[in-house]
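Let me begin by presenting the structure, written as structure tokens, before commenting on it.
Put into structure tokens, the structure is as follows:
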């Protein structure tokens, strides 16, 4: 599992797989910081264009180590309204 985030906004992505037929698509839990995280597909090329309030790009959390499955993260977001990882 890979964690991406915007350092200057509340957006977070936990990505678990790449579509083998369309390698620019990734599946995971997406949280744009609006209180409604959801499971779904994202286009990696589009993620690369996202900038936060200060113009900072998305970063990979190099210290992130998944301690639970994506399903458990998704369940937890129903209670918190955001990804807590």
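Residue numbers (my numbering): 110 to 194. For each residue, glycine too, the CB sits at the ideal point set by N, CA and C.
- Distance from the CA atom of residue 129 to the CA atom of residue 194, rounded to whole angstroms, is 26 Å.
- The beta carbon of residue 120 is closer than 6 Å to those of 141 and 142 in its chain, skipping five residues each way along the sequence.
- Residue 117 sits in coil when the DSSP states are folded into three classes, being neither helix nor strand.
- Residue 110 sits close to residue 175, with the two beta carbons spaced by under 8 Å.
- Per DSSP, residue 134 is one residue of the beta strand (DSSP E) stretching across 134 to 140.
- Each residue's CA atom was taken as its position, placing residue 168 and residue 179 some 19 Å apart.
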